[in-house]
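The sequence shown begins at 1 in full-length UniProt numbering and counts up by one. Following: one structure in structure tokens, then a few remarks.
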Amino acid sequence: MSSQDVSAMPADAVTLPAGKPGGRLMLLAKLAVTLAVLGVLGVNADWPALLTRVTGADPVWLAAGFMAKLLAVVCAGERWRDALWAAGERVSHGLAMRLMFTGLFFGQVLPGALGGDVVRGWLTYRGGASSAAVVLALVLDRLLALIGCILLLFLGLPHLVATAPPSVAWAGPVAVALLAVAMVVGLQADRLPLPGVLLRPPVRAMQAQVARLRAALVSRAALAGLLHSAAVHACTVFAVIAYAQALGIPLRVPDALAVVPMTIFAAALPISLNGWGVREGAFVAGFALYGLGGTDALALSLMIGLSVTLSSLPGGLLWLSLKGSARP
């Protein structure tokens with residue numbers, strides 16, 4: 001995309017594909033997981049105490065926490081710009097941010113069959129980027145987000161190992177290590193010796209895309225994207241600390257650094273609606289290791305979830321502005 005990215009957007013409105021039966025079943029399954037976990041946590045929560053904490057919260061720390069989550073979206077937009085750059089496309093800082101906010105908005109209102117990543121990629125493609133570059137950038141963006149979370153997780157690992165039972169402390173890192181091994185093996189898929197009968201055009205196309213992804217991962221743009229990814233997750237850690245200060249919850253910085261990356265990783269699993277339920281369960285279980293009550297941990301998780309929802313709202317207006325900018 002050139003400096004005229006926005007004006008190059010097509011005039012017709014973005015259309016969303018109709019849901020499929022399998023997609024509806026998956027949505028219902030995610031909804032069931034979300035409601036089940038939230039229900040269990042809600043029954044055990046001390047709601048009067050939680051309400052008292054919220055009504056007496058420090059507005060300055062509340063604002064600091066929300067601004068941190070808003071900054072996380074901006075950093076994620078920069079990561080999307082870096083991923084596109086590594087894939088061979090250029091977009092402006094402003095357009096990358098608008099695309100990220102728009103994708104986040106749709107990720108909230110269409111959590112089932114259509115995710116925010118798909119909407120963001122679709123809008124980028126309609127803005128002039130090649131389909132191959134968009135697909136590559138989407139995969140790279142997710143990988144950078146995962147690697148950034150892994151880096152933060154291992155940063156808090158020494159404190160976790162020193163304070164938690166070994167079976168708990170090493171469960172997350174071991175799972176992440178296995179995932180990293182699988183990722184490395186997957187990035188070598190194009191180098192696997194395959195019989196000639198299997199080398200059909202779709203297989204060759206996949207091998208070419210894997211080779212492009214491997215090359216993109218070691219580019220300077222990908223390194224910048226990794227730094228932005230780490231900044232996204234660091235903003236979430238700071239937001240949790242800020243909300244704890246606002247609500248008067250005794251939370252130490254090392255404890256937050258040890259637990260929050262694992263909750264981010266858990267919430268990213270595609271088994272609930274936008275991480276709701278899974279994130280809350282991970283917060284309660286993780287912070288229980290450091291003596292934090294279930295109600296307090298649930299309050300922190302709900303504040304993070306609410307921040308994500310509120311920070312996505314500008315995406316609706318920015319989507320309209322993208323459409324409007326496309327008109328001649």
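Built from N, CA and C at the ideal position, the CB exists for glycine as well.
Determine the extent of the alpha helix (DSSP H) in which residue i is found, giving its start and end residues.
| i | result |
| --- | --- |
| residue 59 | 59-86 |
| residue 230 | 220-247 |
| residue 126 | 116-126 |
| residue 172 | 171-186 |
| residue 142 | 131-155 |
| residue 292 | Note, residue 292: premise wrong, no alpha helix (DSSP H); not H, not E. |
| residue 261 | 253-267 |
Suppose the cutoff is 6 angstroms on Cβ atoms and the five residues either side in sequence are ignored; what does the same chain contact list for residue i look like?
| i | result |
| --- | --- |
| residue 121 | 134, 138 |
| residue 183 | none |
| residue 312 | 104, 105, 108 |
| residue 117 | 138 |
| residue 61 | 242, 245, 246 |
| residue 328 | Here the model assigns residue 328 a pLDDT of 25, short of 50, so the residue's position is not dependable and the matter cannot be decided. |
| residue 321 | none |
| residue 249 | 296 |
Between the Cα of residue i and the Cα atoms of the options, which residue gives the shortest distance?
| i | options | result |
| --- | --- | --- |
| residue 96 | 106, 107, 84 | 84 |
| residue 104 | 243, 202, 284, 72 | 72 |
| residue 298 | 258, 281, 181 | 281 |
| residue 163 | 93, 289, 317, 300 | 289 |
| residue 301 | 320, 321, 278, 310 | 278 |
| residue 186 | 165, 267, 213 | 213 |
| residue 65 | 231, 303, 202 | 303 |
| residue 127 | 144, 218, 92 | 92 |
| residue 188 | 206, 178, 144 | 206 |
| residue 220 | 144, 67, 39, 94 | 144 |
| residue 173 | 266, 218, 98 | 266 |
| residue 155 | 129, 32, 230 | 230 |
| residue 179 | 52, 146, 204, 193 | 146 |
| residue 342 | 175, 67, 177, 204 | Residue 342 lies beyond the range of the chain shown here (1 to 328); nothing can be said about it. |
| residue 222 | 142, 270, 239 | 142 |
| residue 63 | 52, 270, 239, 193 | 239 |
| residue 175 | 269, 57, 218 | 269 |
Cβ of residue i within 8 angstroms of Cβ of residue j?
| i | j | result |
| --- | --- | --- |
| residue 292 | residue 251 | yes |
| residue 228 | residue 78 | yes |
| residue 276 | residue 316 | no |
| residue 225 | residue 82 | yes |
| residue 169 | residue 161 | yes |
| residue 310 | residue 102 | no |
Residues in the same chain with beta-carbon distance under 7 angstroms from residue i, minus the five sequence neighbours each way, listed in chain order, please.
| i | result |
| --- | --- |
| residue 233 | 148, 149, 152, 261, 264 |
| residue 87 | 133, 136, 137, 140, 216 |
| residue 308 | 69 |
| residue 115 | 107 |
| residue 241 | 251, 253, 256 |
| residue 286 | 259, 262, 263 |
| residue 329 | Nothing can be reported for residue 329, as the shown portion of the chain is limited to 1 through 328. |
| residue 166 | none |
| residue 314 | 101 |
| residue 59 | none |
Please return the same chain residues whose Cβ sits closer than 8 angstroms to the Cβ of residue i, not counting the five positions on each side in sequence.
| i | result |
| --- | --- |
| residue 131 | 125 |
| residue 284 | 41, 294, 297, 298, 301 |
| residue 54 | 247, 299 |
| residue 159 | 254, 255, 257, 258 |
| residue 157 | 169, 173, 258 |
| residue 49 | 295 |
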